[in-house]
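Single-structure report; data block below.
Numbering (full-length UniProt numbering), first residue to last: 1 to 425.
As structure tokens, this is what we get:
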């Protein structure tokens, strides 16, 4: 933990501790609210970076202040050459837990996680926002030894965008030739095609995450191309040519029904979130399991649960603390005083965490040998599935994005509506 000094405090009463994560837009430290001794996460972002996003992210947190599974934001301000954001400190991300569990989750764990993730995205949509950056790294669980220890939270709202007017509920217009926004591995087919994103795209991305958790590897991972643009086009083409039944082979039919349904939603159609959650309930019944709140990571280390000191090192770039509170961690080598005092010419932080999951080999898929697996029988999904096979494959990729995460231009466009719709600035 950094030594106490005036230079290791931000926002008057937040003491900065050890570094716990680093992403492409900044560094994250754990900290303490000196007024009530509450643990917090403190994110530092260079003010002179190409597309600063912490201010907009803070506004999104304020808009979503009453949504279950969205951490509370306590402070946004500027310290020297950095923007500072203070929010709740959480546990590890689902990507971390996935790694620690051998890069495979059981059907029961995926179903329980999926229900929470659908409900989190629903809460965001009900507040007139679309998320646009669905990936396991951005979903964290709560702090250990608390009632919320296994509650799923969603973080990092730098990509969030208003999709309808809060008063009139009028939707943004349909557009094409849009830059890619999100993470290529999980983004929707329509996003690859350069089409304006809406609610359906967040939900399709969730479906890709669910299959990633179940399979361990998606069919479009590990593709090579001379340029990033060509790589993302190849990913998009592979998604279109992979049949839903093929993707979901060996797992409860409800996962195929989920993807079929969300891929066939109209541009501005309101999703039936209850139907999607109900599909997960049916999947649980199919494997004769109950929703008892027990997750795979609770069986790690002889049933003691996850422990970063014993499991692999966390790959954090959210706001989670990978260490249970009873552990005393070694101080990180990053000196917070140097971060706070870094000259303006040196304020660009080292970016990016390695994305090594594409290098993992696919192990034998779990097969549950049930007659309802991998067949479309639900009437709600059967018609949509036929439409997908008739119209949804082998279309050219027209998206012109060059980044696996959103273009800077897209994030800058979000700033105006955030200022109009949040009174905190």
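Note that the Cβ used here is the ideal one computed from N, Cα and C, for glycine as well.
Closest Cα partner of residue 247 within the set 271, 215 and 268: Looking up residue 247 in the chain shown gives position 247. With distances taken between Cα atoms, residue 247 lies closest to 215.
Which residues does DSSP pair with residue 83 in a beta bridge? Within the chain shown, the letter at position 83 stands for residue 83. Looking at the DSSP assignment, residue 83 forms a beta bridge with 45 and 78.
Coarse secondary structure for residue 221, derived from DSSP in three states: Within the chain shown, numbered from 1, the residue matching residue 221 stands at position 221. Here residue 221 sits in coil by DSSP.
State buried or exposed for residue 68, treating a residue as buried only when at least 16 other CB atoms are found within 10 Å of its CB. Start at 1 with the first residue of the chain shown, and residue 68 comes out as number 68. Exposed, since its Cβ has fewer than 16 Cβ neighbours within 10 Å.
Coil, strand or helix - residue 432 by DSSP: A query on residue 432 cannot be resolved here, the shown segment of the chain reaching from 1 to 425 and no further.
Can you name the residues that DSSP bridges to residue 29? Along the chain shown, read from residue 1 onward, the residue named residue 29 stands at position 29. Paired residues: 19 and 42.
What number of angstroms, rounded off, separates the C-alpha of residue 60 from the C-alpha of residue 28? Position 60 of the chain shown holds residue 60. Position 28 of the chain shown holds residue 28. Looking at the two C-alpha atoms, the distance is approximately 19 Å.
My guess is that residue 249 and residue 279 are in contact by the Cβ rule of under 8 Å, so how many angstroms apart are they, rounded? Within the chain shown, residue 249 is the residue found at index 249, counting from 1. Within the chain shown, residue 279 is the residue found at index 279, counting from 1. 17 Å between Cβ atoms; not a contact.
Fully enclosed by the region 207-251, which beta strand (DSSP E) runs are 3 residues long or longer? Within the region 207-251, not a single complete beta strand (DSSP E) segment reaches 3 residues in length.
Terminal residues of the continuous alpha helix (DSSP H) containing residue 113? To locate residue 113, count along the chain shown from 1; it is residue 113. That run of the alpha helix (DSSP H) goes 107-126.
Residue 202 burial status per 10 Å Cβ neighbour count (16 or more: buried): Along the chain shown, one-based indexing puts residue 202 at 202. With a threshold of 16 other beta carbon atoms within 10 Å, residue 202 meets it and is buried.
Give the straight-line distance between the Cα atoms of residue 168 and residue 161, rounded to the nearest whole angstrom. Position 168 of the chain shown holds residue 168. Position 161 of the chain shown holds residue 161. Residue 168 and residue 161: Cα-Cα distance of roughly 17 Å.
By Cβ distance, which residues of its chain are closer than 6 Å to residue 272, with the 5 residues on each side in sequence left out? Your numbering for residue 272 matches position 272 in the chain shown. If we look at residue 272 and ignore the five residues flanking it on each side, it has no Cβ neighbours.
Can you tell me which of 245, 208 and 189 puts its alpha carbon nearest to the alpha carbon of residue 236? Here residue 236 is taken as the residue at index 236 of the chain shown, counted from 1. That would be 189, whose Cα lies nearest to the Cα of residue 236.
Answer with buried or exposed for residue 174, where buried requires no fewer than 16 other C-beta atoms within 10 angstroms of its C-beta. To locate residue 174, count along the chain shown from 1; it is residue 174. Residue 174 should be labelled exposed.
Range covered by the alpha helix (DSSP H) that runs through residue 452: The structure shown has nothing for residue 452, since the chain only spans 1 to 425.
Coil, strand or helix - residue 140 by DSSP: Counting from 1 along the chain shown, the entry for residue 140 is found at position 140. Three-state DSSP puts residue 140 in a strand.
What residue does the beta strand (DSSP E) around residue 154 start on, and which one ends it? In the chain shown, the residue the question calls residue 154 occupies position 154. Here the beta strand (DSSP E) through residue 154 covers 152-154.
Give the DSSP-derived three-state secondary structure of residue 189 in the structure shown. Taking the first residue of the chain shown as 1, we reach residue 189 at position 189. Residue 189 falls in the helix class under three-state DSSP.
How far does the alpha helix (DSSP H) with residue 256 in it extend, from its first residue to its last? Looking up residue 256 in the chain shown gives position 256. Here the alpha helix (DSSP H) through residue 256 covers 253-263.
Is the separation between the beta-carbon of residue 98 and that of residue 136 shorter than 9 Å? Working through the chain shown from its first residue, we reach residue 98 at position 98. Working through the chain shown from its first residue, we reach residue 136 at position 136. Between residue 98 and residue 136, the C-beta gap is smaller than 9 Å, which places the two residues in contact.
Residue 283: first and last residue of the uninterrupted alpha helix (DSSP H) it sits in: Here the question's residue 283 lines up with position 283 in the chain shown. Where residue 283 is concerned, the enclosing alpha helix (DSSP H) stretches over 273-286.
Grab me the residues of residue 107's own chain with a C-beta within less than 6 Å of its C-beta, minus the 5 sequence neighbours each way, in chain order. As a position in the chain shown, residue 107 is number 107, starting the count at 1. Its chain contains 287 as the residues whose beta carbon lies nearer than 6 Å to that of residue 107, once the 5 sequence neighbours on both sides are disregarded; these appear in chain order.
Integer Cβ distance of residue 140 from residue 64, believed to fall under 8 Å: In the chain shown, counting from the first residue as 1, residue 140 sits at position 140. In the chain shown, counting from the first residue as 1, residue 64 sits at position 64. About 15 Å; that fails the 8 Å criterion.
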